[in-house]
Amino acid sequence: MPHLRFLAVRLASLLGLLLVLSFVLFFLQEVSGADPVAATIGGNASPEAVAAARERLGLDDPAPERYLSFVGGLVTGDLGTSFRTRRPVMDDISAYLPATLELVLVAFAAALVLGMLFAVSSMLRWRLSGLFRGLLFLGSTAPTFMLGIVGLIVFYKLLGWLPASGRGGVTGGPTGMTILDSLLAGDVGAAGDALAHVALPALALAVGPALAMGRVLRSSLTETLRSDHVRTATAKGLTEFQVLRRHVLRNSLDAALSMSALQLGFMFGGVLLIEGVFTWGGLGSYLSASLPVADFPAIAGVTFVLGGLYVVVNTVADVLQSVADPRISVS
Amino acid sequence: MTDVLVPADGRVGAGAGLPAPAGPAPRWRGGARRRSAGTDTTARRALDRTLIGLLLLVTVVAVLAPVLAPYDPVQPVGVPKLAPFADGHVLGTDQIGRDTLSRVLVGLRTSWLLALVVTTVGLLVGTVVGLVAGMAGGWVDAVLMRTTEVFLALPSMLVAVAVAAALGPGLANTFLAVTVVWWPYYARIIRGEVRGIMARPHVEAARMAGVGRLRVMRRHVLPGVVPTAVITASLDVGNVVMVLASLSFLGLGQPAPAPELGSDTSRGLVEILDAWWIPLVPGLVVMLLSLLSNLAGDAVRNRLAHRR
Amino acid sequence: MDVTASLLAEAPTPRDASRTDAPRAVGPVARLQGLDVSLERNGVRSQILHGIDLEIGRGEIVGVVGESGSGKSVMSMALLGLLPESSRPRIDGTLEVAGLDLSTASPQEVREARRTRLGVVFQDPMTSLNPTMHVGTQVAEKAGSREEAIRLMRAVGIPQPERRYGCYPHELSGGLRQRVMIAMAVAGDPELVVADEPTTALDVTVQAQVLALLAGMRDQLGCSLVFITHDLGVAAQVADRIVVMYKGRIVETGTTREVLESPRHPYTMGLLGSRLSLDCDRTRPLWALPAEAPGAGGSGSGCAFASRCRFAVEACTTTAPALTVLGDDPRSAHAAACLRAAELAGEASAPVLLPPLPPLAAPDRGAPVVQAADLECTFSVRDERGRRARLAALRGVTFDLQPGESVAIVGESGSGKSTLLRVAGGLERRFTGSLRGPRGTDVQMVFQDAGSSLTPWLTVREVLHERLPGGTPRDVREEKALAILDRVGLPAAVLDALPGELSGGQRQRVALARATIVPPQVLLCDEPTSALDVSVAATVLNLVNELRRDLGIAVMFVTHDLAVARIVGDRIAVMYLGRIVEVGRAEDVIAHPRHPYTRNLVAAVPQPGRTAEPLAGEPASALDPPTGCAFHPRCPVALPECASTVVGVQLAAVGDRPTSDVTLRHEVACVRRGES
């Protein structure tokens with residue numbers, strides 16, 4: 001088990017990072033010159049109304065105070081009001097977050113499978129697996145949105161196998177994730193429909209991370225297989241399977257685990273690029289819509305939530321790693 | 001983001017799996033390697049040279065793009081939505097009748113040259129920070145590296161988007177947004193490499209031989225870092241290309257009429273059903289550019305690894 | 001010692017139940033006949049073993065000796081069927097091990113043989129154990145059960161095996177780790193255990209323990225042992241029979257006695273002749289096997305050793321000698337592969353004596369060049385469980401070095417000997433106490449690993465020029481560089497070479513050239529020969545001795561090897577856990593060691609014809625030094641007061657010269673120093 005001290009350090013650095021993130025966003029908000037008053041009460045309001053609004057929003061307070069109230073807002077879930085939707089950013093985010101989570105989770109599962117296939121196939125040299133690895137490499141050099149476009153052209157326009165946009169399945173369910181909601185409602189057909197909708201964007205999102213994870217897994221497997229202690233295990237007369245399971249896999253998991261977490265984190269950024277292509281109603285679409293109108297509260301809110309998820313995922317991976325390798329919490 | 005920058009700290013695969021007999025220490029080998037360099041053959045050498053040559057050609061094309069472009073990239077010059085090869089437009093025209101080839105050429109210029117600048121500046125900043133941190137050690141190292149770690153612990157793509165959104169559209173702002181999140185990668189890699197070199201007795205030996213601090217850095221540390229820096233940057237420039245295109249795709253690049261690969265793709269997206277080539281062509285160019293720089297990066301790595 | 005006795009006491013009835021249905025066959029446990037092995041490396045196939053003929057009898061201990069590149073490790077891996085697949089091994093000839101023909105056996109059969117009939121001990125127990133698995137579990141994997149694993153761990157001398165069962169390898173000391181490896185090797189009661197340099201990574205006193213344990217293993221379990229080593233002296237400690245290998249061939253084999261006392265192959269003679277022992281002639285330069293001429297060997301049809309052989313004749317370059325039984329008795333085990341084996345009996349095998357060294361100038365009785373008093377050096381580190389801890393590297397060292405004098409500092413790992421050197425060289429500034437001595441370029445250092453002490457991308461010329469004071473004209477620099485290269489015995493062509501293009505011995509010569517191109521007052525040497533083959537090491541030691549005589553440099557030479565210390569040191573200082581426990585003239589310390597630790601150190605040096613007496617226990621941890629005399633927990637003659645009394649080095653009482661001359665004094669830090 002990881003030491004308590006190690007857990008405490010990881011937790012403290014997690015909070016520290018969130019604080020830094022909040023500071024960066026606050027700083028950017030200041031730099032951007034976004035004017036919430038003009039955005040909320042309109043450009044033609046009387047000077048008195050503007051002054052009152054500034055007073056109400058605390059805009060004339062000194063910067064440190066404004067930062068404190070910004071952080072206070074983050075802690076209490078008050079992320080301000082979107083200039084564009086005129087609704088609290090928090091409400092918008094909770095409406096769109098489940099769709100994004102669903103997309104990312106499906107994509108991550110796909111990336112795990114593809115990445116393992118990549119590593120295992122290149123170690124065992126399966127026939128035709130070179131083609132698969134080549135395609136994965138080719139795909140990883142394409143920007144995510146590009147993969148989405150190619151996917152649309154091939155699987156929607158030419159083959160007509162998969163839908164082009166929207167989410168399908170049961171809507172308005174308790175979790176907001178349509179596959180899960182459909183299954184909860186006992187509607188397998190709807191779940192299939194939802195899966196068909198998520199397939200293209202998830203695959204487009206998965207290709208790059210799959211390659212990165214596959215490569216790391218492959219190289220750490222290769223390295224472990226070459227190590228002295230695996231030679232010892234072989235010399236003991238263990239079967240190949242026993243050697244793999246007890247002496248290779250666990251020792252190779254380290255690097256692959258942290259790479260997976262990193263890639264899961266990157267996917268929270270990747271949704272910005274893919275949701276728009278498929279009009280997937282998640283945070284990515286919400287953010288892309290906010291960008292052209294410089295809706296900074298929305299931008300900052302989404303960035304904080306997705307960035308926070310990224311940091312949390314990586315911290316969890318760190319802790320898992322220290323469980324896998326007893327040396328880590330020592331160094 | 002498909003960010004393939006593996007956070008491996010320059011681990012180099014062991015030699016052939018034989019139980020190496022005790023003997024002279026292995027030759028010094030430098031370089032952060034994403035994959036092992038493999039064996040060096042004549043065919044491999046020729047391929048590597050070809051790839052590096054192609055990338056140089058792309059650079060020349062990018063520089064000369066305004067001259068090479070057959071039409072004005074900003075003005076409509078033909079019937080909208082022409083398919084490729086129709087009417088003398090090799091890559092067709094976009095939704096308001098501008099020549100796609102011309103737009104793609106000029107867009108390539110922006111993307112590629114900006115990627116080079118971002119990589120170079122990021123590398124320079126990263127090298128300076130990494131070198132100072134690695135050589136100074138102590139609290140200087142601690143402060144610089146904690147800062148770097150904070151940057152690395154935040155999602156680069158999201159932060160870049162937030163920075164670009166705060167600064168507003170424009171090339172300079174895009175440059176700033178990407179460079180700000182990019183240098184820490186280099187700083188960490190370079191610092192790791194410097195620490196590795198500093199841990200070798202040859203640095204202490206040089207100090208004992210009466211070599212001054214600056215000279216030790218210049219002669220006994222820096223030359224060991226350069227191959228790593230060059231390899232890292234050349235393997236990474238493809239990622240920069242993609243991030244720049246992604247920002248542009250989100251509308252955070254140059255403002256409207258300017259031709260850019262990412263924004264042209266996103267504006268053409270509405271035509272995907274009847275004129276699919278309009279979004280596809282600029283996107284394909286990004287992909288080819290990133291593919292080529294990835295392969296050429298590998299080629300540079302191979303050549304440097306086998307030079308000694 | 002008791003470590004082996006426990007094996008006997010704990011062992012259950014020798015042949016356990018699993019073996020009853022498969023009784024041991026009679027005849028040799030391994031039979032190699034005309035064995036050729038070739039491996040592929042970087043796409044190039046090369047033959048590693050050439051026509052090996054070897055039979056290993058039941059219960060026999062065979063020592064396989066050779067320098068790097070002799071193919072001894074490949075042979076050991078071949079015995080276990082462990083040649084890596086990635087090197088595409090090709091095996092021709094007979095390879096029968098434990099009743100199995102390894103060239104035709106199925107993978108299942110080989111695996112079964114490894115599990116029940118074979119065992120292996122590798123050199124580095126740290127990397128050879130799985131870092132993420134409890135050591136006990138790793139033993140149990142082969143032993144079959146937790147109880148059996150604990151029994152084996154106790155049998156190989158691991159204290160508190162129940163508690164150690166759940167430790168990870170990084171939480172154990174080097175000696176304990178190697179014992180875990182041995183427990184694993186003997187699990188399942190094997191017929192044959194292969195030990196590949198099992199003691200090379202260990203401290204001298206621990207090495208003696210492990211050797212005794214391995215030798216005792218045969219007596220208790222009746223298994224055969226193949227013991228691979230580069231050191232004839234170590235092989236002589238345990239082996240019944242010795243096999244000497246050179247370039248993938250067996251060049252001589254015979255009983256340990258035959259090979260040591262009447263070697264018949266010039267290579268064996270060379271190995272014996274260049275082997276350092278406690279009775280080498282200190283007044284002459286060490287004789288060493290000549291290094292291999294570049295590009296020689298391997299090619300052609302002659303004897304592979306011909307180019308280094310001082311007895312080579314014309315025929316040697318054309319005819320490859322076969323391994324031939326010596327003497328008239330065809331059943332004799334003594335055989336050598338040399339055309340002149342018959343002639344080379346007797347005096348030819350006598351050691352070569354080189355002309356004596358010029359006598360040393362009388363040591364300067366003036367002020368010491370280095371004067372250290374009460375040096376203490378403590379580092380803040382993390383212990384094996386990740387807690388903050390203080391590592392006491394030096395715990396009060398007082399020490400003088402006279403001008404032109406050479407002092408060898410001997411100690412095991414953790415003794416603080418390297419820290420003392422680094423403090424003296426100004427590389428380590430975190431110390432308390434007083435230190436007077438030369439600073440800057442007046443003190444130079446030669447490091448253990450010459451390869452990494454030279455900047456990889458700078459040529460030898462650049463390295464040497466850089467050491468000369470600024471403003472020296474280029475032609476003067478060049479002249480001095482050439483002169484020093486000549487002095488260290490390197491050709492001028494080396495000037496343009498990068499370190500990576502030089503051999504290990506050449507690199508160490510370049511390092512010495514850099515250190516002495518401008519003669520310093522003090523030369524510090526940090527185990528400069530420990531990574532080199534014996535013959536190369538001898539030439540480097542000669543060079544150090546020559547340089548200090550010619551240039552009048554004072555030398556501090558750190559080593560773990562008393563035999564090396566005796567060659568280079570006028571005086572020897574023995575360190576244990578951050579303190580000097582004994583210091584005196586080399587001949588006094590070796591011949592009349594006074595401190596119990598020094599006595600054990602002297603006794604632990606592997607010498608042919610003498611069985612080392614292992615000292616129980618391992619060096620105490622510098623993280624938690626015992627109170628009083630740090631050695632008292634291991635000391636065979638400790639008194640109760642040793643746990644509380646700290647004794648500094650003081651003039652040894654009886655029979656020694658009571659003199660004020662520091663270079664003649666014999667000092668010992670022990671409460672019982674007065675007794676003999």
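Note that the protein sequences, when read in sequence, are chains G, R and A.
Just so we're aligned, residue 1 is where the first sequence starts under UniProt numbering, counting upward by one.
Just so we're aligned, residue 1 is where the second sequence starts under UniProt numbering, counting upward by one.
Just so we're aligned, residue 1 is where the third sequence starts under UniProt numbering, counting upward by one.
Cβ atoms here follow ideal geometry from the backbone N, Cα and C, with glycine treated the same way.
Since we're looking at a predicted model, the values are computed, not measured.
Interface partners of residue i on chain R, CB under 8 Å
| i | result |
| --- | --- |
| A/M445 | E204, A205, M208 |
| A/W457 | P223, G224 |
| G/V20 | V150, L154 |
Three-way DSSP call (helix, strand, coil) for residue i in this model
| i | result |
| --- | --- |
| A/E462 | helix |
| A/T20 | Bear in mind that the predicted position of A/T20 carries a pLDDT of just 38, short of 50, making it unreliable; the figure below should be weighed with that in mind. In the structure shown, A/T20 sits in coil (DSSP, three-state: anything other than H, G, I, E or B). |
| R/G130 | helix |
| G/I153 | helix |
| G/P88 | strand |
| A/M184 | helix |
| R/I189 | helix |
| A/F227 | strand |
| A/Q371 | strand |
| A/I572 | strand |
| A/D561 | coil |
Under 9 Å by beta carbon: chain A residues contacting residue i
| i | result |
| --- | --- |
| G/A233 | N130, Q138, E141 |
Proximity test, residue i beta-carbon vs the ligand SAM heavy atom, cut-off 7 Å
| i | result |
| --- | --- |
| G/E48 | Judged by which ligands are present, the structure shown has none, so any question about the ligand SAM falls away. |
Given residue i as reference, the closest of the options once Cα atoms are compared
| i | options | result |
| --- | --- | --- |
| A/T529 | A/G396, A/P403, A/R275 | A/R275 |
| G/S260 | G/S288, G/Q321, G/P64, G/G134 | G/Q321 |
| A/V369 | A/Q650, A/G425, A/V410 | A/G425 |
| A/G175 | A/G136, A/V186, A/V210 | A/V210 |
| A/A341 | A/P356, A/F311, A/P358 | A/F311 |
| A/L95 | A/C309, A/T127, A/D53 | A/D53 |
| R/L154 | G/A324, G/V305, G/V323, G/V319 | G/V305 |
| A/V522 | A/S413, A/L401, A/A492, A/A187 | A/L401 |
| G/A63 | G/A111, G/D318, G/T178, G/V31 | G/V31 |
Residue i: contacting residues in chain R (beta-carbon distance under 9 Å)
| i | result |
| --- | --- |
| A/G425 | E204, M208 |
Listed by chain order, chain G residues near residue i by CB distance under 8 Å
| i | result |
| --- | --- |
| A/R114 | T234, A235, K236, G237 |
Contacts that residue i makes with chain G (C-beta to C-beta distance below 9 Å)
| i | result |
| --- | --- |
| R/V270 | Ordered by position in chain G, no residue passes the 9 Å Cβ test against R/V270, which lies about 11 Å from the chain. |
Beta-carbon neighbours of residue i, restricted to chain A and to distances below 8 Å
| i | result |
| --- | --- |
| G/D228 | F122, D124, T127, S128 |
Beta-carbon neighbours of residue i, restricted to chain R and to distances below 7 Å
| i | result |
| --- | --- |
| A/G440 | G210 |
Proximal residues of chain G, C-beta to C-beta of residue i below 7 Å
| i | result |
| --- | --- |
| A/R111 | G237, T239 |
CB contact below 8 Å: residue i versus chain C
| i | result |
| --- | --- |
| A/L454 | Of the protein chains in this structure, namely G, R and A, none is chain C. |
Exercise. With 9 Å as the C-beta to C-beta threshold (strictly closer), list the residues of the stretch 172-189 of chain R near chain G in chain order.
Key: none
Self-check item: Proximal residues, the stretch 147-160 of chain R versus chain G, C-beta separation under 8 Å
Solution: V150, A153, L154, P155, S156, M157, L158, V159
Quiz item: Taking Cβ-Cβ distances below 9 Å as the criterion, which residues of the stretch 160-189 of chain A are in contact with chain G?
Solution: Y168, P169, H170, E171, M181, M184, A185, A187, G188
Quiz prompt | Length at least 4, wholly inside the stretch 447-529 of chain A: the alpha helix (DSSP H) runs in chain order | solution = 450-453, 460-467, 474-487, 504-516
Self-check item: Ordered list of beta strand (DSSP E) runs contained in the stretch 91-155 of chain R, each at least 3 residues
Solution: none
Quiz prompt | Contact residues within the stretch 465-479 of chain A, judged by C-beta distance below 7 Å to chain R | solution = E466, R467
Quiz item: Along the stretch 65-89 of chain A, what residues have a CB closer than 7 Å to any CB found in chain G?
Solution: L80, L82
Quiz item: Along the stretch 244-268 of chain G, what residues have a CB closer than 8 Å to any CB found in chain A?
Solution: R246, H247, R250, N251
Quiz item: Can you list, in chain order, the stretches of the alpha helix (DSSP H) that have 4 or more residues and sit fully within the stretch 81-135 of chain G?
Solution: 89-124
Practice problem: Could you list the residues in the stretch 126-147 of chain G with a C-beta less than 9 Å from some C-beta on chain R, going in chain order? | Solution: F137, L138, G139, S140, T141, A142, P143, T144, F145, M146, L147
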